[in-house]
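According to my numbering, the residues represented by the sequence shown are 208 to 490, in order.
For reference, the structure discussed in these notes is given below.
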Amino acid sequence: MGSNSVGPDAEYTASAHGRGSFRELSRELFGAAFPDARYGWVDQQVATAVVEVGTALDVRLLPSDADLRAGRLDGADLRGADLRDAQLEKAELTGVDLREACLARADLCGAVLRNARFGSANLRSARLADADLVRAELRRADLVAADLAGADLREAQLPLAQLAGADADRVRFDGASMPGADASAATFRRARFTGANLRRVVFDEAVLAGAHLRGADLTGAVLTAAVLTDADLTDADLSAVVWSDETRWPGALGAEVRSRSERIGPDTYRVRPRVRRQTRLPA
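Okay, here's the thing in structure tokens:
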């Protein structure tokens, strides 16, 4: 296999094209970078999807040392790329920069996305089941109706993220920060939020049955019509949480929350400051 760095001529050609279709340039670039590669080799790699979706992509942002042979794009700069419907299952994308990229309906199941940057990215209906998103940055990311089941988002940053209707069952959000996120009608069955920052998160009609919320900060969160049956809220901060008559609390917690709340509207209440659980109560 030849050198994995693009030569001067190829670099000049890519620069001359500026922002264009990577499909049109991929054969030329790979011909220069891997002159001994057999025909069709690129198409067999996991990362081929990134360059075969016919999207507008500035090829100068793809690092010359990206190891596409192993389906790896670690550290690649793909800001603003249009990767809708891309097939990136189990791809190695640690540290990739996908800010403002379009990944709507993309398949990233099982992908390694540690420390990846998704600020303001469009991930609507994307498939991220079992993906590794530890310490990923998803500020203002659009994850509406995304499939996150079983994903690992420990210590991830999701402030103001849009998670309405997402499937986040069994997701690990331990130590994550998602203040102001909208998780309306999302499902978080048996998800883990130990020590997570959930301040002002909207969980309206969300399902958190069996979720682990030990030590989570839910200050100002909205739990109207939310389902929290069998949830563990030990040491969780429920200060200023807004809830409704339709909210389903675990065990006897509902009675305590009601006794410490004030009515703020028809069938709607707000918890007075500093309601904490010291032990888990049986359902």
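Note that beta-carbon positions come from the ideal geometry of N, C-alpha and C, so glycine has one too.
Predicted model, so just to flag it, every value in this text is computed and none were measured.
Are the beta-carbon atoms of residue i and residue j separated by less than 9 Å?
i: Ala388; j: Val408; result: yes
i: Pro366; j: Ser391; result: no
i: Leu350; j: Ala373; result: yes
i: Ala353; j: Ala333; result: yes
i: Leu330; j: Ala348; result: yes
i: Arg291; j: Leu310; result: yes
i: Ala308; j: Arg342; result: no
i: Ala432; j: Ser446; result: no
i: Leu405; j: Pro386; result: yes
i: Leu295; j: Ala313; result: yes
Once the 5 residues before and after residue i are set aside, which same chain residues still bring their CB inside 8 Å of it?
i: Ala443; result: Leu420, Arg421, Gly422, Ala423, Asp424, Leu425, Arg483 and Arg484
i: Ile471; result: Val449 and Arg477
i: Thr394; result: Ala373, Asp374, Ala375, Asp376, Ala413 and Val414
i: Arg465; result: Tyr476
i: Pro473; result: none
i: Ala328; result: Leu305, Arg306, Glu307, Ala308, Cys309, Leu310, Leu345, Ala348 and Asp349
i: Arg321; result: Thr301, Gly302, Asp339, Leu340, Val341, Arg342 and Ala343
Between which two residues does the alpha helix (DSSP H) harbouring residue i extend?
i: Ala399; result: The question names Ala, yet the displayed sequence has Arg at residue 399. From DSSP, Arg399 is part of no alpha helix (DSSP H); its letter is neither H nor E.
Applying the criterion that 16 or more other CB atoms from any shown protein chain within 10 Å of the CB defines a buried residue, is residue i buried or exposed?
i: Gly417; result: buried
i: Glu412; result: buried
i: Glu344; result: buried
i: Pro480; result: exposed
i: Ala462; result: exposed
i: Ala163; result: An answer regarding residue 163 cannot be provided, because it is not within the stretch 208 to 490 covered by the chain.
i: Ala336; result: buried
i: Ala371; result: buried
i: Ala288; result: buried
i: Ala323; result: buried
Going along the chain, which residues of its own chain have a beta-carbon closer than 7 Å to the beta-carbon of residue i, five neighbours each way excluded?
i: Val319; result: Glu299, Leu300, Thr301 and Asp339
i: Arg399; result: Arg379, Phe380, Asp381 and His419
i: Trp456; result: Leu435 and Val464
i: Phe410; result: Ala390, Ala428, Val429, Leu430 and Ala433
Between which residues of its own chain and residue i is the CB-CB distance below 6 Å, once the five residues before and five after are set aside?
i: Ala403; result: Phe380, Ala383 and Ala423
i: Phe325; result: Leu305, Leu345 and Ala348
i: Arg397; result: Arg377 and Gly417
i: Gly357; result: Ala336, Asp337 and Arg377
What span of residues does the beta strand (DSSP E) with residue i cover, start to end?
i: Val464; result: Per DSSP, Val464 belongs to no beta strand (DSSP E); it is in the alpha helix (DSSP H), Leu460 to Ser466.
i: Val351; result: From DSSP, Val351 is part of no beta strand (DSSP E); its letter is neither H nor E.
i: Trp450; result: Val449 to Ser451
i: Val478; result: Thr475 to Val478
Kindly examine the ligand MG and report whether one of its heavy atoms sits closer than 8 Å to the Cβ of residue i.
i: Leu345; result: Among the components of this structure there are no ligands whatsoever, and the ligand MG is therefore not found.
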